[in-house]
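Chains as they are written, first to last, in our numbering: chain A, 1 to 464; chain B, 465 to 693.
In what follows, a structure is listed as structure tokens, so that the remarks can point back to it.
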């Protein structure tokens with residue numbers, strides 16, 4: 001088994017040369033950019049809105065204990081059962097426990113990145129339960145037995161033709177490749193699942209401490225149905241999702257929509273405050289909220305990068321990232337890809353195994369600039385690089401820099417570099433493009449710059 | 465020590481070290497006022513709505529059109545009844561679903577069709593087979609073209625999302641200017657005992673998951689019709 005770093009390099013090499021993939025992704029993202037800019041432009045003062053969002057998240061994350069206590073108290077007051085999981089395994093056990101206790105067979109899920117994080121579907125299927133993803137994009141990647149390609153657009157890498165073939169094969173559908181017809185195929189299949197599922201499973205976008213609510217943002221209505229029809233509802237959310245006040249949503253809902261999909265507001269923004277209450281005629285009889293740590297507290301313990309917990313998972317940084325746009329979402333091999341994934345994965349899954357993601361960056365800063373809650377992503381990538389090399393210095397890097405300082409501190413040696421370089425460049429064509437070429441990793445795709453005919457020192461000495 | 469206590473212990477330990485205030489990335493001069501919640505001034509930053517009822521109505525109408533929702537302003541109850549009957553005939557409704565309420569009761573009477581009531585125990589398959597779900601709402605939001613419903617004001621959780629056509633009947637005085645006003649209303653109306661579901665519905669159900677091409681009616685209603693009287 002090759003390391004995550006090797007896998008990343010190999011996959012990236014393949015995908016950067018895959019013109020079809022590039023075309024699909026660029027087309028999708030260009031459409032996104034147009035609507036995103038329009039929605040941002042509609043704000044009276046987008047910059048202040050963004051700053052206020054960053055400050056609100058800062059307040060919540062830096063008083064996380066206080067707001068989580070408030071959230072739990074208010075959730076429990078309305079009859080919601082709150083569970084706590086330090087690890088993904090614990091979260092899976094809690095969820096399996098509820099499902100077994102209810103003697104449930106089938107589970108309908110609305111989109112939840114936290115469930116990807118803990119590999120929930122795999123665990124549920126392993127136990128013999130029927131799990132159906134109801135978000136269209138997630139439904140498609142589930143049929144393909146793939147991880148979501150993107151945290152907001154799970155099937156962004158597929159064309160309508162790919163999806164038609166998939167539906168024909170897996171669902172015996174005879175639909176054309178018209179997106180509307182394809183969507184209706186999924187609608188028909190899933191409608192019956194909502195009505196007959198024993199358990200509805202959801203993620204969450206925000207949790208409101210003040211009122212004890214969970215807010216779910218979606219376009220399709222699948223989360224609304226998931227939270228309306230099954231008898232038992234389970235919601236899995238990261239502990240960092242909490243916001244202090246209900247009215248904070250007046251800011252966060254439009255910011256999430258604008259950055260996430262370019263809409264002014266997504267179609268359904270729903271706040272759930274409990275299971276079915278006395279006098280209500282539908283909704284789940286029981287609601288379980290599972291709060292997941294899964295090393296978020298480790299990120300919290302790093303004040304320098306604590307703001308990475310402000311993330312509202314809008315995917316804006318993925319969409320603008322030149323690396324993501326070239327190598328694609330699956331290449332990362334992580335639950336969260338793109339700049340935010342490169343920043344947090346080393347904290348969640350180990351710095352040395354995942355540091356390569358922080359090196360795979362052009363440091364252009366587009367991610368920091370686009371983030372609606374002002375996470376300083378580009379600097380966090382640099383900090384990960386620094387932390388990784390402090391923790392485990394690389395022999396070759398160190399040797400390289402030692403040689404550099406040795407030569408540059410000795411004028412006599414330094415003087416030899418120019419002439420040697422010129423000789424070297426003359427000999428270079430003999431090995432160029434072969435594995436013997438010392439600059440192979442550069443010259444395989446680019447021309448090496450030509451060394452000047454004389455050094456500055458030589459020029460200065462010879463000037464007339 | 466329970467998991468909850470362990471997680472809280474880790475959080476408190478982590479927070480003993482201060483984090484720097486959120487960065488400005490070199491920008492300055494647009495900090496929100498530091499008194500109260502940072503989001504308290506959201507109205508000044510969000511998209512403009514206009515101050516008069518006419519401005520806000522025009523804004524709602526334009527947003528609804530962009531969202532591919534249908535919006536009718538009826539001058540009186542008789543006109544509303546006429547519009548409802550037209551819609552019933554054009555769409556060929558055989559059965560509708562609704563809940564008890566001043567406006568919905570009148571609408572059901574006008575329509576003279578079998579009604580599945582969701583404010584008493586009902587069968588989900590029966591609701592699914594209805595041609596339209598007719599509900600009242602808590603508010604219309606001009607800024608975003610949204611309909612604010614709760615399971616208390618709009619006949620439960622499923623009625624506004626399971627039938628293929630969601631028909632909302634609102635009163636003129638329910639039109640609010642923006643999202644901050646909607647949250648103010650929720651607090652004023654419900655703070656003592658919130659409904660277990662509050663939803664901003666912004667247009668008919670949609671998806672862009674296939675090549676980012678808009679398709680209406682992904683899982684929820686394919687059509688959203690809003691009557692304001």
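C-beta atoms are modelled at their ideal positions from N, C-alpha and C, and glycine is treated no differently.
Query raised in the report: Counting contacts by CB-CB distance shorter than 7 Å, is residue 625/B in contact with chain A?
Result: Here residue 625/B refers to the residue found at position 161 of the second chain. Interface with chain A (7 Å Cβ-Cβ cutoff): residue 625/B is included.
Requested in this report: Grab the span of the alpha helix (DSSP H) containing residue 140/A for me, first residue to last.
Outcome: On the first chain, residue 140/A is found 140 positions in, with the first residue counted as 1. Boundaries of the alpha helix (DSSP H) around residue 140/A: 136–143.
Query raised in the report: Can you tell me the Cα-Cα spacing of residue 493/B and residue 138/A, whole angstroms?
Result: Here residue 493/B refers to the residue found at position 29 of the second chain. Here residue 138/A refers to the residue found at position 138 of the first chain. With a pLDDT of 42 at residue 493/B, under the threshold of 50, the predicted position of this residue should be treated as unreliable, and no value is reported.
Query - Beta-carbon gap between residue 134/A and residue 108/A smaller than 7 Å - result: Numbered from 1 along the first chain, position 134 holds the residue referred to as residue 134/A. Numbered from 1 along the first chain, position 108 holds the residue referred to as residue 108/A. Less than 7 Å divides the Cβ of residue 134/A from the Cβ of residue 108/A.
Query raised in the report: Which residues in the same chain have their Cβ closer than 7 Å to the Cβ of residue 211/A, if we skip the five residues on either side of it in sequence?
Result: Within the first chain, numbered from 1, the residue matching residue 211/A stands at position 211. Closer than 7 Å at Cβ, skipping near neighbours: 74, 246 and 273.
Query raised in the report: Is it true that the segment 196–207 of chain A meets the segment 34–52 of chain A, where meeting means three or more beta-carbon pairs spaced less than 8 Å apart?
Result: As far as the Cβ criterion goes, the segment 196–207 of chain A does not touch the segment 34–52 of chain A, which means the pair count is below three.
Requested in this report: Could you check the C-alpha separation between residue 301/A and residue 422/A for me, to the nearest Å?
Outcome: Within the first chain, numbered from 1, the residue matching residue 301/A stands at position 301. Within the first chain, numbered from 1, the residue matching residue 422/A stands at position 422. Roughly 52 Å between the two C-alpha positions.
Query - Residue closest to residue 603/B, alpha-carbon to alpha-carbon, out of 471/B, 653/B and 476/B - result: Along the second chain, read from residue 1 onward, the residue named residue 603/B stands at position 139. Among 471/B, 653/B and 476/B, the Cα nearest to that of residue 603/B belongs to 653/B.
Query raised in the report: According to DSSP, is residue 206/A helix, strand or coil?
Result: Taking the first chain and counting its residues from 1, the one referred to as residue 206/A is at position 206. The answer is strand: DSSP assigns residue 206/A an E or B state.
Query raised in the report: Does DSSP put residue 109/A in a helix, a strand or coil?
Result: As a working note, residue 109/A is residue 109 in the first chain. Here residue 109/A sits in strand by DSSP.
Query - Collapsed DSSP secondary structure at residue 494/B in the structure displayed - result: Along the second chain, read from residue 1 onward, the residue named residue 494/B stands at position 30. Because the pLDDT at residue 494/B is just 46, under 50, the model does not fix this residue reliably, and the value given afterwards should be weighed accordingly. It is coil, neither helix nor strand.
Report task. Mark residue 647/B as exposed unless 16 or more other C-beta atoms lie within 10 angstroms of its C-beta, in which case mark it buried. Result -> Your numbering for residue 647/B matches position 183 in the second chain. Buried: at least 16 other Cβ atoms inside 10 Å.
Query raised in the report: How big is the Cα-Cα spacing for residue 297/A and residue 515/B?
Result: Stepping through the first chain from its first residue, residue 297/A is reached at position 297. Stepping through the second chain from its first residue, residue 515/B is reached at position 51. In a straight line, the C-alpha of residue 297/A is about 46 Å away from that of residue 515/B.
Query raised in the report: If you drop the 5 nearest sequence neighbours on each side, which residues of the same chain put their C-beta closer than 7 Å to that of residue 120/A?
Result: For the purposes of this step, residue 120/A is taken as the residue at position 120 of the first chain. Cβ neighbours of residue 120/A beyond the five flanking positions: 92 and 95.
Query raised in the report: Quick one: is residue 658/B near chain A, going by C-beta distance under 7 Å?
Result: As a working mapping, residue 658/B is identified with position 194 in the second chain. Cβ-Cβ to chain A under 7 Å: yes for residue 658/B.
Query raised in the report: Helix, strand or coil for residue 366/A per DSSP?
Result: Along the first chain, read from residue 1 onward, the residue named residue 366/A stands at position 366. In the structure shown, residue 366/A sits in a helix (DSSP, three-state: H, G or I).
**Report entry** Beta-carbon proximity check, residue 357/A vs residue 367/A, cutoff 7 Å
**Finding:** As a working mapping, residue 357/A is identified with position 357 in the first chain. As a working mapping, residue 367/A is identified with position 367 in the first chain. Not in contact: residue 357/A and residue 367/A (Cβ atoms no closer than 7 Å).
Query - Option in 322/A, 129/A, 24/A and 89/A with minimal Cα separation from residue 295/A - result: Stepping through the first chain from its first residue, residue 295/A is reached at position 295. Nearest option by C-alpha distance: 89/A.
Requested in this report: Please list the partners that residue 508/B has in chain A, where partner means a Cβ-to-Cβ separation under 7 Å.
Outcome: The residue given as residue 508/B occupies position 44 in the second chain. Those within 7 Å of residue 508/B in chain A are 44 and 45.
Query raised in the report: For residue 629/B, which of helix, strand or coil comes out of DSSP?
Result: Within the second chain, residue 629/B is the residue found at index 165, counting from 1. Residue 629/B: strand per DSSP, three-state reduction.
Query - Stretch pair the segment 555–563 of chain B + the segment 623–631 of chain B: three plus CB contacts closer than 8 Å - result: Short answer: they touch.
Query raised in the report: Mind checking residue 540/B: buried by the 16 CB within 10 Å criterion, or exposed?
Result: As a position in the second chain, residue 540/B is number 76, starting the count at 1. By the neighbour-count rule (16 or more Cβ atoms within 10 Å), residue 540/B is not buried but exposed.
Query raised in the report: In terms of alpha-carbon separation, which member of 450/A, 433/A, 451/A and 452/A lies closest to residue 443/A?
Result: Along the first chain, one-based indexing puts residue 443/A at 443. Selected option, being the one with the closest Cα: 433/A.
Query raised in the report: Using a C-beta cutoff of 7 Å, does residue 267/A count as contacting chain B?
Result: Counted from its first residue, the first chain places residue 267/A at position 267. For residue 267/A, the answer is yes, since a Cβ of chain B falls inside 7 Å of its Cβ.
Query raised in the report: To which residues of the same chain is residue 40/A closer than 6 Å at the C-beta, ignoring the five residues directly before and after it?
Result: Locating residue 40/A in the first chain gives position 40, counting from the first residue. Result list for residue 40/A: 46 and 258, in chain order.
**Report entry** residue 554/B versus residue 471/B: straight-line alpha-carbon distance, rounded
**Finding:** As a first step, residue 554/B is located in the second chain; it is residue number 90 there, counting from the start. As a first step, residue 471/B is located in the second chain; it is residue number 7 there, counting from the start. Their backbone Cα atoms lie some 58 Å apart in a straight line.
Query raised in the report: Which runs of the alpha helix (DSSP H) spanning at least 4 residues fall entirely within the segment 248–300 of chain A, listed in chain order?
Result: As far as the segment 248–300 of chain A is concerned, its whole alpha helix (DSSP H) runs of at least 4 residues are 249–260 and 296–300.
Query raised in the report: With respect to the alpha helix (DSSP H) encompassing residue 535/B, which residues constitute its N-terminal and C-terminal limits?
Result: As a first step, residue 535/B must be located in the second chain, where it is residue number 71. Residue 535/B -> not in any alpha helix (DSSP H); beta strand (DSSP E) instead, spanning 534–537.
Query - Integer Cβ distance of residue 677/B from residue 271/A, believed to fall under 8 Å - result: The residue given as residue 677/B occupies position 213 in the second chain. The residue given as residue 271/A occupies position 271 in the first chain. The beta-carbon distance between residue 677/B and residue 271/A, rounded to whole angstroms, is 30 Å. This is too long to meet the 8 Å contact definition.
Query raised in the report: Which one of 309/A, 348/A, 463/A and 237/A has the shortest CA to CA distance from residue 486/B?
Result: Locating residue 486/B in the second chain gives position 22, counting from the first residue. Proximity to residue 486/B across 309/A, 348/A, 463/A and 237/A peaks at 309/A, based on C-alpha coordinates.
Query raised in the report: Would you call the CB atoms of residue 256/A and residue 314/A closer than 7 Å?
Result: Within the first chain, numbered from 1, the residue matching residue 256/A stands at position 256. Within the first chain, numbered from 1, the residue matching residue 314/A stands at position 314. Yes, the pair counts as a contact, with Cβ atoms nearer than the cut-off.
Query - residue 567/B to residue 195/A span [Cα, whole Å] - result: For the purposes of this step, residue 567/B is taken as residue 103 along the second chain, with counting starting at 1. For the purposes of this step, residue 195/A is taken as residue 195 along the first chain, with counting starting at 1. Near 29 Å, if we compare the C-alpha coordinates of residue 195/A and residue 567/B.
**Report entry** Nearest candidate by alpha-carbon position, reference residue 522/B, set 606/B, 673/B, 613/B and 671/B
**Finding:** By one-based count along the second chain, residue 522/B stands at place 58. The residue from 606/B, 673/B, 613/B and 671/B with its alpha-carbon nearest to that of residue 522/B is 606/B.
**Report entry** DSSP beta-bridge partners of residue 130/A
**Finding:** Your numbering for residue 130/A matches position 130 in the first chain. The bridge partners DSSP lists for residue 130/A are 106/A.
Query - N-terminal and C-terminal residue of the alpha helix (DSSP H) that residue 455/A is part of - result: As a working note, residue 455/A is residue 455 in the first chain. Residue 455/A -> no alpha helix (DSSP H), and no H or E assigned at all.
**Report entry** Within chain B, the residues that residue 56/A reaches when beta carbons sit closer than 8 Å
**Finding:** Reading the first chain from its first residue, position 56 is the one you call residue 56/A. By Cβ distance, chain B contributes 501, 502 and 503.
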